[in-house]
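Numbering (the working numbering), first residue to last: 16 to 79. Note that the Cβ used here is the ideal one computed from N, Cα and C, for glycine as well. Since this is a predicted model, take the numbers as computed values, not measurements. Scroll down for the structure; my scribbles are underneath it.
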């Protein structure tokens, strides 16, 4: 997902607008201006996400 002014090392978070109890989302500032989101099924059953809105938040890393 493209996010302007994002850099490697920035903090990233992702959330689905729909209910997904057994889906774990992991967001990482992957490259410049790009956040990678990984959705992982943490149940023993098959999960079908279908169409859903994905929200991503990026927080700039503070360098002391």
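Tell me which residues share the same chain as residue 32 and place their Cβ nearer than 8 angstroms to its Cβ, disregarding the 5 neighbours each side in the sequence. 67, 68, 69 and 70
Give the straight-line distance between the Cα atoms of residue 16 and residue 64, rounded to the nearest whole angstrom. 18 angstroms
Could you check the C-alpha separation between residue 34 and residue 54 for me, to the nearest Å? 13 angstroms
Alpha carbon to alpha carbon, how far is residue 56 from residue 44? Give it in angstroms, no decimals. 21 angstroms
Three-state secondary structure (DSSP) of residue 73: strand
So what's residue 31 in DSSP terms, helix, strand or just coil? strand
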